[in-house]
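From first to last, the protein sequence lines stand for chains A and B. Under the UniProt record's numbering, think of the first position of the first sequence as 1, with each following residue one higher. Under the UniProt record's numbering, think of the first position of the second sequence as 1, with each following residue one higher. Each residue gets a CB set at the ideal place from its N, CA and C atoms; glycine is no exception. Beneath this line is the structure, given in structure tokens, with notes to follow.
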Amino acid sequence: MSWLLTEKHLTDLARGAAVLGTGGGGDPYVGRLLVREAIREYGPVTVLDPEEVADDALVIPTAQMGAPTVVFEKLPRGTEAVAALHALETHLGRKATATMPIECGGINSMIPLLVAARTGLPVVDADGMGRAFPELQMETFGVYGVPGSPMAVAGERGETTVIDTGPDNRRMEWLARGVTIRLGGVAHIAEYAMRGADVKRTAVPRTLTLALTVGRAIREARQRNTDPVPHLAEVLSATLYGHLRVLFRGKLTDVQRRTEAGFARGRAAARSFDGDHVLELEFQNENLVALVDGEPRCVVPDLVCVLDAEKAEPITTEGLRYGQRVTVVGISTPELMRTPEALAVFGPGAFGLPYAFRPVEDLVTA
Amino acid sequence: MRIGIDVGGTNTDAVLLDGRQVLAAVKTSTTQDVTSGIVAAIDGLQAQRAFDPAQVRAVMIGTTHFINALVEARRLAPTAAVRLSLPAGASLPPMVDWPARLVDAISGRSYLCHGGHEFDGRHIAELDEAELRKAADEMGRAGVRSVAISSVFSPVNAEFETRAAEVIAAELPEVAISLSHEIGRIGLLERENATIINAALRELAAHIVDGLATSVSGAGITAPLYLSQNDGTLMDVDFARRYPVATFASGPTNSMRGAAVLSGVDTCAVVDVGGTTSDVGVLGNGFPREATTDVSVAGIRTNFRMPDVLSIGIGGGSRVRGGTGDVTVGPDSVGYELTAKALVFGGDTLTATDIAVAAGRAEIGDPSRVAHLDRELVRAALDRIAADAAESVDRMRTSAEPLPVVAVGGGSILLPDTLAGVGGVHRPEHYAVANAIGAAIAQIGGEVDRVYAIEPGRRDAVVDEAKQEALDRAIAAGASPSSVDIVDFDEVPIPYLPGNATRIRAKAVGDLQLGD
């Protein structure tokens, strides 16, 4: 059940994580290089299926938080995430038996692998977002009762700070964001420490495998010179993300961005190749909703992914440009992410959107 | 009068222009030493249209020589990369994602030192001059001849790169030093990569630029010499010695800009049909649309501003196979062997050129050798070419609005007068030397790319400040003040940072101020 993740998995994993990033989560390129270098130095990473984790094991998820633009410029020292993990272990008085992603989309699919390579800990094949989200309270862990606190935040100087806001994960996010700014706009964190039993109960399972599957499907279709999207739909049908719907094919005709409360919000519009239909996307770092001819066709937390029309390369919200030819797909999320409790934390209302959540497979016929 | 010269891998093309009027145009072979090919080209112009060298006001050269040197990994200097970032950045040292062959070719060494800035201008760490001197000492003993210096957020604040250069130059006065903030934009690895490539090319640049200057002055021309850059603007000789990497994409850029001038259409799609491939790009206001993704050069990731070009495998030398119902054109080509292998030259391979001749679109070689070709096959092959070209143009289009198409390059005879769903094709005079013309008409540019903290209510002031700095830079580089204008502007808010941090890019260009 457990398996070894090696350098050869990383390209597929990074591309798949970019798809699951739904336009945000940071470009996994730097993350992929970090893990590659760590694996070359320390050896491959053991990936555990969540069912293999003992109920009383201590799992400490690790991640990076902050501005993707800063990550491209101020590259990590490499020791930060491990320092955060150790700081939390010290605070808890217990050693972790494994680490885990909090977010399977974008660069945060990679940070726990870096930690695992450097420490020799296994990484659990699961996460707390099932995609990418902009804030730390947007976790299935928290939705189902695991507090984010205590949380450790680390920077490249070896400095760490522990934040404990009790059960208030929003306030934890707010304080951690302030510390991150002081640390230069990027920090590494360890949070949502939990027992193995809680992993099985609250985590979105097998999302590292999912990212790998998505990346591999795109690569294989390209190698056969076939359209990657139908192949992707086929491989996803065997996962918890069972429904892929093509929402739109067309060209971007407008991209507008604005900064609001520290987030890059914006809208993009596209016109179909026959000129008859219009797509509108709303994003806040990640894509939140896709409307076709004014009607919602895929709503957060379901995944709205903008792919380059030719090669199905995922395009980030920062990378959206007038004139790009795109295929926009919607991907269903597991039931765990669609309950009323989950939607209250990361459904459309949590982002101030005036749409009700409806599953993408109900909004769009196959 | 001015002279434009394009030194490609195969051909050296030259044009003599008066204003925008083409007085003479020649095509010669590129020579191993580059310079004798240029001498031959200038002689060719002189033979075609006698001119007084003293009347030439400027000579502009576009060359693929430096990018080819990198791709072929030849004549690269032993180079060291110094990155100012510690304690950050240690996880991914310089050249971490380079092909081993190129690291070896430049005997690449890297040094991580303290320094760098945060996004808001704070210091990550203070510069440690003793650490830099120690690194310089090691470089000296290792035989390093060129140094690339990068510092975190140097596009926002370059003080550490500048100071580190002084410290290293004091220790190693003979080495060339390249600074990342002068070469690339935000994105440390990509900017650093471009800077290291630049450093490795500095010796070759000095040699080639000297050669170019000698061959031009040898022809009795005393006018200043310029090289064309990736974005279609010019740099002077001194700049070219220091920034050879800025020439990398000048080939397609020049050919697109030349197409605009020749056709008089400055917003259009350009199809440049060569021997093996056709490159399709889009011009807006006379400048190529830039690629938005990172560009890999010789396997090295960079963030150069490169034109957004779509290449398809159709050219004059493309092999034609199959019958009327299933004809294919390309993507393989007989390439430079066209004059030996094509039917019209007595060869035995059916090429796209043979099809064009059989259809009466061109008179090349011996048309009688293709007279036997099935008319239906000829038409099917031409339809195939036209359909592929039309699809490529359509893919590059950004709106449903009609976009004029300009065809240039020796192989553009393959294209029809109208592309289905796209529109008419302009086929300007001198289409075969569009690249040399693009070099000759290049302008002078200035650019700003920086992260600004925009206080409430100050957005317009900050935008004006950025634009003014771009204009000032263009004028400082030699643009005539009355002609400079902002041609490109982009504003992207950066998430998760306070103070409305916004990345602003502005580019200004103007006509070269010519001395009297």
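Distance cutoff 8 Å, beta carbons only. Does residue i sit that close to anything in chain B?
i	result
V70(A)	yes
K311(A)	no
K95(A)	no
L34(A)	yes
K200(A)	no
E286(A)	no
K8(A)	no
R245(A)	no
Looking only at C-alpha atoms, which of the options sits nearest to residue i?
i	options	result
C104(A)	M65(A), P301(A), R131(A), C298(A)	R131(A)
T276(B)	I38(B), L338(B), D326(B)	L338(B)
V71(B)	I61(B), V59(B), L84(B), V103(B)	V103(B)
D125(A)	L13(A), L363(A), P296(A)	L13(A)
G193(A)	T90(A), I331(A), P334(A), Y241(A)	Per the sequence shown, the amino acid found at residue 193(A) is Ala instead of Gly. That would be T90(A), whose Cα lies nearest to the Cα of A193(A).
F248(B)	G211(B), G264(B), V271(B), A205(B)	A205(B)
C268(B)	R319(B), V393(B), K27(B), V22(B)	V393(B)
H117(B)	A142(B), A136(B), G89(B), E363(B)	G89(B)
I189(A)	I60(A), L33(A), T119(A), D274(A)	I60(A)
S278(B)	V7(B), S412(B), D348(B), M60(B)	S412(B)
G26(A)	V35(A), R15(A), P68(A)	P68(A)
L10(A)	R245(A), G24(A), R40(A)	R40(A)
L23(B)	Y226(B), G325(B), A158(B), L262(B)	L262(B)
residue 541(B)	G115(B), A219(B), V405(B), D266(B)	With chain B covering only 1 through 516, there is no way to say anything about residue 541(B).
A501(B)	Q513(B), A479(B), V463(B)	V463(B)
G347(A)	N225(A), V289(A), A268(A), H86(A)	V289(A)
residue 368(A)	Q64(A), E139(A), G31(A), L88(A)	As shown, chain A starts at 1 and ends at 366. That puts residue 368(A) outside it, with no answer to give.
H123(B)	T418(B), A142(B), E161(B), V265(B)	E161(B)
L291(A)	P76(A), D56(A), V364(A), L240(A)	V364(A)
A366(A)	P150(A), V146(A), A238(A), P230(A)	P230(A)
Report yes or no: is there a C-beta of chain A within less than 8 Å of the C-beta of residue i?
i	result
D516(B)	Low confidence applies to D516(B): its pLDDT is 43, below 50, so where it sits in the model is not reliable, and the reading given next is rough at best. It does not; no Cβ of chain A falls within 8 Å.
G89(B)	yes
R395(B)	yes
V96(B)	yes
F51(B)	no
R503(B)	yes
E118(B)	yes
P252(B)	no
G187(B)	yes
L84(B)	no
F489(B)	no
V492(B)	yes
Would you list the one or two residues that DSSP bridges to residue i?
i	result
Q256(A)	R267(A)
P296(A)	L291(A)
W3(A)	V47(A)
A148(B)	A81(B), S178(B)
R325(A)	K251(A)
T209(A)	Paired residue(s): none; T209(A) is not in a bridge.
A489(B)	With the sequence shown as reference, residue 489(B) is identified as Phe, and Ala is not the correct amino acid for it. DSSP, once it has assigned bridges, lists A506(B) as partnering F489(B).
P101(A)	T62(A)
F283(A)	G266(A), N287(A)
T247(B)	BP columns for T247(B) are empty, so no partner.
D279(B)	D272(B), S311(B)
S272(A)	G250(A)
### Query
Is there contact here, the stretch 98 to 112 of chain A with the stretch 204 to 221 of chain A, by at least three beta-carbon pairs under 8 Å?
With a cut-off of 8 Å, the stretch 204 to 221 of chain A and the stretch 98 to 112 of chain A count as touching, because enough Cβ pairs lie within range.
### Task
Taking 8 Å as the threshold, find out whether the stretch 346 to 356 of chain A comes into contact with the stretch 40 to 57 of chain B through three or more Cβ pairs.
In this structure the stretch 346 to 356 of chain A does not lie against the stretch 40 to 57 of chain B, because fewer than three pairs of beta carbons, one per stretch, are closer than 8 Å.
### Task
Enumerate, from N- to C-terminal direction, the unbroken alpha helix (DSSP H) stretches of 4 or more residues contained entirely within the stretch 136 to 178 of chain A.
Listed in chain order, the complete alpha helix (DSSP H) runs (minimum 4 residues) inside the stretch 136 to 178 of chain A are 140 to 143.
### Task
Please determine if the stretch 93 to 113 of chain B and the stretch 209 to 224 of chain B are in contact, where contact requires at least 3 C-beta pairs separated by less than 8 Å.
Because the criterion of three Cβ pairs below 8 Å is not met, the stretch 93 to 113 of chain B and the stretch 209 to 224 of chain B do not touch.
### Task
Tell me, please, whether the stretch 49 to 63 of chain B touches the stretch 160 to 172 of chain B by the rule of three or more beta-carbon pairs shorter than 8 Å.
They do not touch, by the three-pair rule.
#### Entry: the stretch 247 to 259 of chain A in contact with the stretch 318 to 331 of chain A per 3-pair CB rule at 8 Å
A contact is defined here as three or more CB-CB pairs under 8 Å, and the stretch 247 to 259 of chain A meets this definition with respect to the stretch 318 to 331 of chain A.
### Query
What residue ranges within the stretch 290 to 344 of chain B form continuous alpha helix (DSSP H) runs of no fewer than 4 residues, ordered along the chain?
Listed in chain order, the complete alpha helix (DSSP H) runs (minimum 4 residues) inside the stretch 290 to 344 of chain B are 338 to 341.
### Message
As an exercise, report each continuous beta strand (DSSP E) stretch of at least 3 residues that is fully enclosed by the stretch 400 to 485 of chain B, in chain order.
### Response
The DSSP assignment places 405 to 408, 423 to 426, 444 to 453 as complete runs of the beta strand (DSSP E) inside the stretch 400 to 485 of chain B, in order along the chain (cut-off: 3 residues).
### Query
Looking at C-beta atoms only, is the number of pairs between the stretch 285 to 292 of chain B and the stretch 315 to 330 of chain B that lie closer than 8 Å three or more?
With a cut-off of 8 Å, the stretch 315 to 330 of chain B and the stretch 285 to 292 of chain B do not count as touching, because too few Cβ pairs lie within range.
### Query
Do the stretch 10 to 28 of chain B and the stretch 179 to 198 of chain B meet, that is, are 3 or more Cβ pairs less than 8 Å apart?
As far as the Cβ criterion goes, the stretch 10 to 28 of chain B does not touch the stretch 179 to 198 of chain B, which means the pair count is below three.
### Message
List, from N- to C-terminal side, the alpha helix (DSSP H) runs of 4 residues or more that fit wholly inside the stretch 353 to 378 of chain B.
### Response
Assignment of alpha helix (DSSP H) within the stretch 353 to 378 of chain B, counting only whole runs of 4 or more residues, yields no such run.
### Task
Decide if the stretch 353 to 362 of chain B is in contact with the stretch 373 to 389 of chain B; the criterion is three or more beta carbon pairs, one per stretch, under 8 Å apart.
Yes, since at least three Cβ pairs between the stretch 353 to 362 of chain B and the stretch 373 to 389 of chain B fall closer than 8 Å, the two stretches touch.
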